[in-house]
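Worksheet: one structure, shown below.
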Amino acid sequence: MKMRYKIINLKRKNSISIIFFFISIIIILLSIIYAISLGSVNINFGKVWGILLRAIGFNIEKTWNSGEENIILFLRLPRVLMTLIVGGMLAVSGVIAQSLFKNPIVDPYIIGISSSAGFGSALCIMLGFSAVFSIFTLPLVSFVFSCSAILIIYKLSKTKYHLSMSALLLSGIAISFFFSAFTSFILYFSEEHAHYILTFLMGSFWGANWQELIVIFIIFIIGFSISLFYGRDLNAMVLGDSTAQSIGINVEQSKRILLILMTFLTSATVAFCGSIGFVGLMIPHFTRMLIGSDNNKLLIFSAFGGALLLLWADIIARTIIAPIELPVGILTSLLGGPFFIYLIIKKKKSGESL
Amino acid sequence: MISCKNLHFKYRTKQIINDITLNFEKGHLYGVLGPNGSGKTTLLKLLIGLLKQNHGQVYIDDINLKKFSIRDIAKQVTMVNQTNYIEFDYKVSEVIKMGRYVYISRFSNESDEDKQIINDVIEQLKLTKLKDRKFNNLSGGEQQKVIIARAIAQKARILLLDEPISHLDINYQIEFMNLFRNYVKKGLIVILILHDLNIAAQYCDKIILMNNGTIMEFGNIQNVLTKNNIQKTYGIDVIIRKNNLTNSIYITPINDNHSLPKNEKSEKSNIKIHVICGGGHGSEILINLKHYDVSVGIINVLDDDYTLSNEMEFKLISEAPFSQISEYSKQKLEDILYKVDLIILANIPFGNENLINLKSLVNLNQKIIVFEKNPIEERDYTNGLATKIYNRLKKKDNVIVVNNLEDLIKNI
Numbered sequence: 007m008k009m010r011y012k013i014i015n016l017k018r019k020n021s022i023s024i025i026f027f028f029i030s031i032i033i034i035l036l037s038i039i040y041a042i043s044l045g046s047v048n049i050n051f052g053k054v055w056g057i058l059l060r061a062i063g064f065n066i067e068k069t070w071n072s073g074e075e076n077i078i079l080f081l082r083l084p085r086v087l088m089t090l091i092v093g094g095m096l097a098v099s100g101v102i103a104q105s106l107f108k109n110p111i112v113d114p115y116i117i118g119i120s121s122s123a124g125f126g127s128a129l130c131i132m133l134g135f136s137a138v139f140s141i142f143t144l145p146l147v148s149f150v151f152s153c154s155a156i157l158i159i160y161k162l163s164k165t166k167y168h169l170s171m172s173a174l175l176l177s178g179i180a181i182s183f184f185f186s187a188f189t190s191f192i193l194y195f196s197e198e199h200a201h202y203i204l205t206f207l208m209g210s211f212w213g214a215n216w217q218e219l220i221v222i223f224i225i226f227i228i229g230f231s232i233s234l235f236y237g238r239d240l241n242a243m244v245l246g247d248s249t250a251q252s253i254g255i256n257v258e259q260s261k262r263i264l265l266i267l268m269t270f271l272t273s274a275t276v277a278f279c280g281s282i283g284f285v286g287l288m289i290p291h292f293t294r295m296l297i298g299s300d301n302n303k304l305l306i307f308s309a310f311g312g313a314l315l316l317l318w319a320d321i322i323a324r325t326i327i328a329p330i331e332l333p334v335g336i337l338t339s340l341l342g343g344p345f346f347i348y349l350i351i352k353k354k355k356s357g358e359s360l
Numbered sequence: 017m018i019s020c021k022n023l024h025f026k027y028r029t030k031q032i033i034n035d036i037t038l039n040f041e042k043g044h045l046y047g048v049l050g051p052n053g054s055g056k057t058t059l060l061k062l063l064i065g066l067l068k069q070n071h072g073q074v075y076i077d078d079i080n081l082k083k084f085s086i087r088d089i090a091k092q093v094t095m096v097n098q099t100n101y102i103e104f105d106y107k108v109s110e111v112i113k114m115g116r117y118v119y120i121s122r123f124s125n126e127s128d129e130d131k132q133i134i135n136d137v138i139e140q141l142k143l144t145k146l147k148d149r150k151f152n153n154l155s156g157g158e159q160q161k162v163i164i165a166r167a168i169a170q171k172a173r174i175l176l177l178d179e180p181i182s183h184l185d186i187n188y189q190i191e192f193m194n195l196f197r198n199y200v201k202k203g204l205i206v207i208l209i210l211h212d213l214n215i216a217a218q219y220c221d222k223i224i225l226m227n228n229g230t231i232m233e234f235g236n237i238q239n240v241l242t243k244n245n246i247q248k249t250y251g252i253d254v255i256i257r258k259n260n261l262t263n264s265i266y267i268t269p270i271n272d273n274h275s276l277p278k279n280e281k282s283e284k285s286n287i288k289i290h291v292i293c294g295g296g297h298g299s300e301i302l303i304n305l306k307h308y309d310v311s312v313g314i315i316n317v318l319d320d321d322y323t324l325s326n327e328m329e330f331k332l333i334s335e336a337p338f339s340q341i342s343e344y345s346k347q348k349l350e351d352i353l354y355k356v357d358l359i360i361l362a363n364i365p366f367g368n369e370n371l372i373n374l375k376s377l378v379n380l381n382q383k384i385i386v387f388e389k390n391p392i393e394e395r396d397y398t399n400g401l402a403t404k405i406y407n408r409l410k411k412k413d414n415v416i417v418v419n420n421l422e423d424l425i426k427n428i
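As given, the protein sequences belong to chains A and B, one line each in that order.
So the first sequence is numbered by this note's numbering: it starts at 7 and just counts up by one.
So the second sequence is numbered by this note's numbering: it starts at 17 and just counts up by one.
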């Protein structure tokens, strides 16, 4: 009897995760359709379905004109998919960052990934080099800048046997301020480019296209798959380095791999979409409240959560003061701040530690 | 079996571990003792490869630890650290499951065997009720238990634990020590860093006494925990007795006379004090007198105060138990009383056998301190004779009556 209860109990626990999984996928699919149907040109649901199904090979009668088809397939669809992937990437980086630094108030930008990328792009725009390698110039420059910033702080924090995460955090924050100051300096002295630079810095999905999408999708799939194999390393590392190693985790190696993963994922998002605050900080927390702290599950469900959040943030950003479009980064921070305070108050009331 | 040979470890310029060679055998419980900063934690971390030694080698079953990968080590040895704070909310069962990580490949979930082992450990440690609770909401003792469960689920043959029972209540201390004894019986090697000498004496098979990064002494309890060794490592004086209940030894620190300044101590040490006590009533006084030239008596040899005085190397006038006091002892007492500077009379009951102690005080002119906790009537078994003498004594000018230990020490 006792045994049987155990088995049922075990199954139920797994099935809760499975139900969550399918619910998330259904919500995401519905949100995609909704998001695609929104915009300055009104295209109804039926047409959206038709265009999408025809595009993936179904033989459906054409009740729409090619202008509408272009809007859906080449403007709205890449943009919506971009929000999903970037949201997922930021949330996954957030989970990695928080467990790696054993610190719940850390997000992937804290060690200077976004400010160094921002500085690189601002410099590039100011000097007028922003189109040397076609549309990939700014992303490439951002990526190179943020990776070099992380390389510098990595070298600073590494001793003979040991990578000190607190040294990494502190030097990261220092370098982040340093680059922000330079960016402000550039902004202050470049009147004609200031708006362009600012738009880039604040983060938006304006002008998303299939080429960018494919690049970022590949980075996401590789990064995310590798991160899934390191869920347990993250769990163990939360217990502290020496405990993790006595559990059998090669801590120093895992730290390096996870740091590289986090840097790649975050740098890629910053490179294509600018810095979008709060997703990487908030989504891991929110997901933890729903399904617990086990990083194996947390990575998957945070990816869903991040994707959904950014998709809806972009919907609001596009529609709230249409036809003017708000940078999505402003919106996430605007909503994220109060939401986070709400979480803190709620936790405080229930007497738990944050 | 795990052993180390000529282990040296330096942190910057400080030598933390200095030439340590040890051998740990299967089925033994080892206690590592020593003052703070003596290198206990460093030694354990070297044994499991968390730190790399500058010289020397560690061997598991005669195979050099350097040949093991981190995963291989985790299958043989595991360690429980001193602090076990977890930043995020993990469930108890999730924490215990981490002990199985070393057996689960990156690309699969835990097997039925893993699940079985986790369930067994949860049942063994009586954690069934807690397994779905959050680790951070448990009490300190419960948290420690979960961390130990994690280590046991790992099925390593060698367990290293850094102060597993410090800061815990006595019930947890006993529960954990019995648990470790149990695992040792099953053939594991358990090495604990402990702070409580008496717990170590009661439960461990062998003791490693460390000081300044070296091994002061390694071996059986009786050979390691001696008055001399403890004085050398911890710098305190202790009394070591056999504990008849547990058949182990029991260590009591001796008070340093309420921290008198050093020069005052040496000055005062010439003072000769005689203490009249018995039945254990004198121990609280005697233990404070280690810096004086003390004599005790007349007292019988089965008395607790006799044993204590003997351990503190005081002069004794003693008699066989249940016998009348001999003329010889009476003479000896008179001689001593004549020479001493101060006499202390403890709060003892008087019967016909020891009445002579009281009688001989009446005609003396030195300072006498009478320690009175209960009125004499309550401890008079001589039909009033003792009371009469006692009251006469109290009226004398050279007698001071005190009723607490502090006043007594102040009056010496």
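For glycine and all other residues, C-beta sits at the position ideal for the given N, C-alpha and C.
Step through the CB atoms of chain B and report whether any lies within less than 8 Å of the CB of residue i.
{"i": "A/R82", "result": "no"}
{"i": "A/L245", "result": "yes"}
{"i": "A/P114", "result": "no"}
{"i": "A/N109", "result": "yes"}
{"i": "A/S252", "result": "yes"}
{"i": "A/S299", "result": "yes"}
{"i": "A/R18", "result": "Residue placement at A/R18 cannot be trusted, given a pLDDT of 48 that sits under 50; what the coordinates show is reported in the next sentence. No - not a single Cβ of chain B is within 8 Å of the one on A/R18."}
{"i": "A/Y365", "result": "Only positions 7 to 360 of chain A appear in this structure, which leaves residue 365 of chain A out of reach."}
{"i": "A/F346", "result": "no"}
{"i": "A/A173", "result": "no"}
{"i": "A/F27", "result": "no"}
If the criterion is Cβ atoms closer than 8 Å, does the pair residue i and residue j meet it?
{"i": "B/L49", "j": "B/L210", "result": "yes"}
{"i": "A/D239", "j": "A/L264", "result": "yes"}
{"i": "B/N407", "j": "B/V418", "result": "no"}
{"i": "B/S264", "j": "B/Q218", "result": "yes"}
{"i": "A/I57", "j": "A/E75", "result": "yes"}
{"i": "A/P366", "j": "A/L271", "result": "Any question about residue 366 of chain A goes unanswered here, given that chain A covers just 7 to 360."}
{"i": "A/S273", "j": "A/S186", "result": "no"}
{"i": "A/M132", "j": "A/H199", "result": "yes"}
{"i": "B/G47", "j": "B/I289", "result": "no"}
{"i": "A/G118", "j": "A/I181", "result": "yes"}
{"i": "B/D321", "j": "B/L302", "result": "yes"}
Alpha carbons only, please: which of the options is nearest the one belonging to residue i?
{"i": "B/V317", "options": "B/N326, B/S311, B/V310 and B/Y219", "result": "B/N326"}
{"i": "B/T249", "options": "B/I256, B/N194, B/I237 and B/M232", "result": "B/M232"}
{"i": "A/L368", "options": "A/Y348, A/K164 and A/F125", "result": "The question about residue 368 of chain A has no answer here: the residues shown for chain A are numbered 7 through 360."}
{"i": "B/M95", "options": "B/D357, B/R122, B/V137 and B/L67", "result": "B/L67"}
{"i": "B/L213", "options": "B/L60, B/S311 and B/R257", "result": "B/R257"}
{"i": "B/K113", "options": "B/A167, B/L371, B/L324 and B/D178", "result": "B/A167"}
{"i": "A/G93", "options": "A/F284, A/S196 and A/A323", "result": "A/F284"}
{"i": "B/G65", "options": "B/P51, B/K82 and B/G55", "result": "B/K82"}
{"i": "B/S311", "options": "B/F330, B/E369, B/L176 and B/R28", "result": "B/F330"}
{"i": "B/D148", "options": "A/I297, A/K352, A/G312 and A/E197", "result": "A/I297"}
Under the assumption that residue i contacts residue j (Cβ atoms under 8 Å), give the Cβ distance between them as a whole number of angstroms.
{"i": "B/K91", "j": "B/V118", "result": "6 Å"}
{"i": "B/I33", "j": "B/F40", "result": "About 16 Å separates the two Cβ atoms, so there is no contact after all."}
{"i": "B/I416", "j": "B/I392", "result": "Not really, about 16 Å apart at Cβ, beyond 8 Å."}
{"i": "B/I292", "j": "B/I18", "result": "That pair is no contact at about 55 Å."}
{"i": "A/L337", "j": "A/I351", "result": "A/L337 to A/I351, Cβ: 22 Å. No contact."}
Counting only C-beta atoms, is residue i closer than 8 Å to chain A at any point?
{"i": "B/D320", "result": "no"}
{"i": "B/E103", "result": "yes"}
{"i": "B/G251", "result": "no"}
{"i": "B/V118", "result": "yes"}
{"i": "B/R28", "result": "no"}
{"i": "B/Y46", "result": "no"}
{"i": "B/Y106", "result": "yes"}
Ranges of the alpha helix (DSSP H) found wholly within the region 194-250 of chain B, counting only runs of at least 4: 213-219, 237-240 and 243-250
Ranges of the beta strand (DSSP E) found wholly within the region 232-310 of chain A, counting only runs of at least 3: none
Length-filtered (3 minimum) beta strand (DSSP E) runs lying within the region 336-378 of chain B: 358-361
Every unbroken alpha helix (DSSP H) inside the region 188-230 of chain A [4 residues or more]: 200-208
Length at least 4, wholly inside the region 41-107 of chain A: the alpha helix (DSSP H) runs in chain order: 51-61, 72-76 and 83-106
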